[in-house]
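In the UniProt record's numbering, the protein residues as written are 1 to 648. Note that the Cβ used here is the ideal one computed from N, Cα and C, for glycine as well. To keep things clear, I will list the structure first and then write my remarks on it.
Below, the structure written as structure tokens:
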């Protein structure tokens with residue numbers, strides 16, 4: 001049975017096709033035609049004529065191709081793919097005929113399976129996000145942030161997302177590859193509101209890549225209606241594992257991530273190289289996100305956009321789960337009824353010795369790769385346990401996230417537990433390793449204190465909020481620093497440093513669920529009985545690719561937007577003359593050479609190279625079409641008045 005209806009809404013025409021097969025499978029395709037050129041006037045007579053419909057058909061065909069590609073990528077259930085393709089083919093010409101001729105520019109805005117993204121009862125198994133893989137050493141990708149119809153946790157609404165997907169493509173590449181990503185900023189009004197600015201950018205969280213433009217430059221902003229071409233080379237010795245991408249335009253990060261603008265990024269090859277017995281197992285990419293749905297006040301946690309979806313396995317089957325907490329503010333403490341997790345990668349770092357864990361503690365931004373062995377036939381609850389966020393922290397109650405459904409014939413696997421118990425193959429080639437960091441001589445120690453304003457209107461590091469015109473910390477390539485991170489607040493904070501992992505020395509002072517090894521996010525325990533929570537980390541500024549300016553901040557991004565972030569500048573390695581001064585210069589009470597020291601001129605010449613923020617304020621590396629506007633925004637930030645209101 002097929003039914004078509006037209007609805008006129010403002011400047012757009014919507015045509016809806018509904019089809020039911022055998023009274024069970026319901027497929028709906030929503031076509032949207034925007035009014036671009038309703039009528040054109042004849043210059044001589046002044047008469048109005050209808051715009052041709054040929055452009056509508058061309059754009060419609062491109063939309064159909066995109067929808068078919070979505071089916072091929074597996075984003076739609078296989079049992080409904082055929083029905084959708086038939087419907088698309090039948091509708092292409094019909095829509096062009098049925099639509100009034102004045103509506104040009106038709107395109108497929110949404111192809112949805114009613115009861116599929118809407119209802120976990122209608123899916124057989126948790127679907128993976130679509131995947132974009134590097135080819136011949138290059139990953140070419142285009143991400144367009146724009147308002148789109150999405151369905152999350154069974155609710156349909158408009159949100160600013162990448163490429164029309166609440167769970168956008170997983171980007172997969174290898175060491176030595178180059179990511180070439182075009183970011184199109186078409187952000188606009190939606191049900192999840194952007195309150196301050198429509199500007200955006202992209203951060204490649206966890207990656208050890210250059211912070212300079214056109215790489216992982218978070219000071220750069222892409223103005224609404226413009227685009228930017230990122231070029232991010234991944235070094236040949238880049239650590240393998242799970243990373244992710246998300247916006248990092250200060251002041252609007254929370255709203256954009258809550259809208260759904262985040263996805264997984266994988267530097268692949270670590271399973272084959274170090275855990276080969278697991279290479280052929282079923283792999284799942286599992287993305288947790290938090291969102292406040294339109295019309296609701298509570299936060300909803302979803303798994304690949306679903307609320308409590310089924311996850312299928314056969315008895316005794318081993319699976320590899322690549323898990324990321326890619327949300328804005330929520331903690332996930334993952335537990336699977338009757339099962340354990342073998343963790344062998346965390347935050348983009350392969351573990352030489354896997355850890356057997358009853359639960360996985362994932363602060364905002366954290367990732368893990370785990371092996372899971374299904375038990376006997378049955379249904380097992382996947383949930384997030386209650387997290388104690390502190391007396392002033394937002395509540396994080398226990399919540400159901402999905403169900404492992406075990407059925408069918410047993411699928412025993414051999415050699416997997418042995419590998420996980422014995423540890424990684426070729427463990428000596430894993431880089432970096434925790435012991436490598438632990439043995440490095442410390443060149444400097446620092447203390448950072450994280451605190452909240454009494455009314456929670458601002459969040460501080462060492463008593464100040466973020467100022468883009470201030471470089472709070474300066475170091476050099478080759479330095480190894482020990483940072484003591486103290487939390488003076490009555491709630492949890494989450495420390496994140498760009499461009500490198502750090503080594504957590506111990507659980508520190510205060511209640512800490514899971515805090516050892518190499519990480520790029522770590523939870524700071526809340527203050528208790530007048531004593532601040534405390535964690536100590538070793539940070540190796542040893543990679544020359546880090547030269548430039550980047551940030552460290554709380555990865556509860558609502559706190560970050562409200563000021564809990566600072567800038568760090570990494571200068572090039574010292575010259576021999578500067579090292580010579582360090583040998584005896586401190587005896588004179590100075591870390592810096594005097595004006596007459598020969599290295600002074602060399603050092604001064606290198607400073608502008610690292611001072612990218614000043615260059616941005618001067619408009620020299622601004623991606624906006626109006627450098628004066630970018631400088632005006634920087635001036636507003638410096639005055640404490642926040643970002644410029646969007647003119648779009």
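Legend entry - Bounding residues of the alpha helix (DSSP H) (the contiguous stretch that carries residue 259): 253-259
Legend entry - Boundaries (first-last residue) of the alpha helix (DSSP H) holding residue 561: 557-561
Inset, instruction - Enumerate in chain order the residues of its own chain whose CB-to-CB distance from residue 401 is below 7 Å, with the five nearest sequence positions on each side excluded. - result: Correct list, in chain order: 301, 303, 308, 382, 383, 384.
Inset, instruction - Tell me, please, whether the stretch 175-191 touches the stretch 327-340 by the rule of three or more beta-carbon pairs shorter than 8 Å. - result: no
Inset, instruction - Take residue 518 as the anchor and find which of 344, 174, 124, 294 has the nearest alpha-carbon. - result: Considering only alpha carbons, the answer is 344.
Inset, instruction - Using the Cα positions of residue 331 and residue 362, report the straight-line distance between them to the nearest angstrom. - result: C-alpha separation (whole angstroms): 6 Å.
Inset, instruction - Identify, in the order they occur along the chain, each residue of the same chain with its Cβ nearer than 6 Å to the Cβ of residue 653, setting aside the five sequence neighbours on each side. - result: Within the shown structure, residues of the chain are numbered from 1 to 648, placing residue 653 beyond reach of any answer.
Legend entry - Given residue 415 as reference, the closest of 173, 317, 432 once Cα atoms are compared: Ranking the options by Cα distance to residue 415, first place goes to 317.
Legend entry - Beta-bridge partners of residue 459, as assigned by DSSP: 452
Inset, instruction - Can you tell me which of the three DSSP states residue 246 falls into? - result: Residue 246 falls in the strand class under three-state DSSP.
Inset, instruction - Locate the alpha helix (DSSP H) running through residue 292, then write down its first and last residues. - result: Where residue 292 is concerned, there is no enclosing alpha helix (DSSP H), given that its DSSP letter is neither H nor E.
Legend entry - Selected residue, minimal CA-CA separation from residue 288, among 269, 321, 390, 268: 321
Inset, instruction - Specify, as a first and last residue, the run of the beta strand (DSSP E) that residue 522 falls within. - result: 521-524
Inset, instruction - Provide the residue span of the beta strand (DSSP E) that contains residue 367, from first to last. - result: 367-373
Inset, instruction - State the DSSP-derived secondary structure class of residue 141, mapped to helix, strand or coil. - result: strand
Legend entry - DSSP-derived helix/strand/coil call for residue 307: coil
Inset, instruction - Classify residue 273 as helix, strand or coil using the three-state DSSP reduction. - result: helix
Inset, instruction - Tell me where the alpha helix (DSSP H) around residue 420 begins and ends. - result: 416-422
Inset, instruction - Taking 8 Å as the cut-off, decide whether the C-beta atoms of residue 232 and residue 204 are in contact. - result: yes
Inset, instruction - Could you name the residues of the same chain whose beta carbon sits closer than 8 Å to that of residue 339, not counting the 5 residues immediately before and after it, in chain order? - result: 372, 373, 374, 375, 380, 404
Legend entry - DSSP three-state assignment for residue 470, whether helix, strand or coil: coil
Inset, instruction - Taking the CB atoms as reference points, tell me whether residue 479 and residue 501 lie closer together than 8 Å. - result: Taking the C-beta atoms as reference points, residue 501 is found no nearer than 8 Å to residue 479.
Inset, instruction - Give me the Cβ distance between residue 366 and residue 388, rounded to the nearest whole Å; I'm assuming they're in contact under 8 Å. - result: Not really, about 17 Å apart at Cβ, beyond 8 Å.
Legend entry - Counted within 10 angstroms of its Cβ, other Cβ atoms place residue 464 as buried (16 or more) or exposed: exposed
Legend entry - Cα-Cα separation, residue 630 to residue 534: With a pLDDT of 43 at residue 630, under the threshold of 50, the modelled position of that residue is not reliable, and the figure given next carries that caveat. Taken atom to atom, the span from the alpha-carbon of residue 630 to that of residue 534 is near 38 Å.
Inset, instruction - Put residue 384 into one of helix, strand or coil per three-state DSSP. - result: strand
Inset, instruction - Kindly list the residues whose CB is nearer than 6 Å to the CB of residue 293, restricted to its own chain and excluding five residues on each side of it in sequence; keep chain order. - result: 155, 300
Inset, instruction - Starting from residue 446, follow its DSSP beta bridges and name the residues at the other end. - result: 483
Inset, instruction - Kindly identify the DSSP beta-bridge partner or partners of residue 227. - result: 184.
Legend entry - residue 323, buried or exposed, once every other Cβ within 10 Å from all chains shown has been counted against 16: buried
Inset, instruction - Determine the direct distance from the alpha carbon of residue 450 to that of residue 539, and round the result to whole angstroms. - result: 18 Å
Inset, instruction - Could you pull out every residue in the same chain whose Cβ sits closer than 8 Å to the Cβ of residue 298, ignoring the five residues on either side in sequence? - result: Take residue 298, set aside five residues on each side of it, and the residues of its chain with a beta-carbon closer than 8 Å to its own are 292, in chain order.
Legend entry - Simplified DSSP state of residue 544, which is helix, strand or coil: helix
Inset, instruction - Answer with buried or exposed for residue 426, where buried requires no fewer than 16 other C-beta atoms within 10 angstroms of its C-beta. - result: exposed
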